[in-house]
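Take a look at the structure below.
Residue numbers (our numbering): 2 to 203.
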């Protein structure tokens, strides 16, 4: 699927700062070291659009990217980069602020159409991952589960690792399929775009 346009719009500290043009939104969220910025750059085919860092937890704002897909008619929407959570060196106050920001967005953003939840294929979902999925269930938001960094496992181990991640999810997510994704190889990119389109057009 061709990305006609992808551009950074703004960073927001709170909901009142967010765009008010009512474009539909797909938010992306995950642990601070799950590879979210790399996924966004791969997904949108714009190197450096989402800033990557060797220091996990750098994204502490809500970042909006306006995206146009080459459909007929064109499909325009926002990809919303939500703050990463679970950064070990963050203070308790910072962790509570980030969690509150994400929860407020899920509860009070009427333009939100779906959520892409990122999980590291190499690790079991954490209690914070499970808490997020329980929040989502209560708000009845369509979810796409994505297992990142698939290139860091040989293909012979990917299926077993995916099953292990799935088995570690809370009951609220047990019926969700998990999409394998690699920002380095592009694995899963077209499938993820297809799932996003389904949500936006559904």
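Virtual Cβ for every residue (Gly too), placed ideally from N, Cα, C.
Along the chain, where does the beta strand (DSSP E) containing residue i start, and where does it finish?
i: residue 115; result: 113-121
i: residue 43; result: From DSSP, residue 43 is part of no beta strand (DSSP E) but of the alpha helix (DSSP H) over 37-45.
i: residue 86; result: Unbroken run through residue 86: none, as it is neither H nor E.
i: residue 10; result: 4-13
i: residue 130; result: Careful: residue 130 lies outside any beta strand (DSSP E), inside the alpha helix (DSSP H) at 128-140.
i: residue 28; result: 26-31
From residue i to residue j, what distance separates their C-alpha atoms?
i: residue 114; j: residue 200; result: 7 Å
i: residue 35; j: residue 118; result: 10 Å
i: residue 91; j: residue 133; result: Note on residue 91: pLDDT 49, under 50, position unreliable in the model; no value is reported.
i: residue 189; j: residue 85; result: 21 Å
i: residue 13; j: residue 152; result: 32 Å
i: residue 18; j: residue 41; result: 22 Å
i: residue 5; j: residue 76; result: 10 Å
i: residue 197; j: residue 80; result: 10 Å
i: residue 177; j: residue 130; result: 14 Å
i: residue 156; j: residue 21; result: 43 Å
i: residue 62; j: residue 160; result: 34 Å
i: residue 185; j: residue 43; result: 8 Å
i: residue 15; j: residue 33; result: 19 Å
i: residue 194; j: residue 73; result: 16 Å
i: residue 26; j: residue 154; result: 32 Å
i: residue 203; j: residue 158; result: 34 Å
i: residue 139; j: residue 127; result: 19 Å
i: residue 192; j: residue 67; result: 20 Å
List the whole-angstrom C-beta distance separating residue i from residue j, where the pair is believed to meet the contact cut-off of C-beta under 8 Å.
i: residue 144; j: residue 83; result: Not a contact, Cβ separation roughly 13 Å.
i: residue 166; j: residue 120; result: 6 Å
Does the beta-carbon distance from residue i to residue j come in below 8 Å?
i: residue 112; j: residue 24; result: yes
i: residue 116; j: residue 148; result: no
i: residue 11; j: residue 78; result: no
i: residue 3; j: residue 101; result: no
i: residue 163; j: residue 122; result: yes
i: residue 108; j: residue 50; result: no
i: residue 183; j: residue 150; result: yes
i: residue 168; j: residue 106; result: no
i: residue 38; j: residue 52; result: yes
DSSP beta-bridge partners for residue i?
i: residue 148; result: 120, 181
i: residue 77; result: 69
i: residue 34; result: For residue 34, which the question treats as bridged, DSSP gives no partner whatsoever.
i: residue 82; result: 29, 64
In the DSSP assignment, find the alpha helix (DSSP H) that holds residue i and state where it starts and stops.
i: residue 195; result: 190-202
i: residue 159; result: 156-168
Is residue i close to chain D? Criterion is C-beta to C-beta, closer than 8 Å.
i: residue 172; result: Of the chains in the structure shown, none is chain D; there is only one protein chain.
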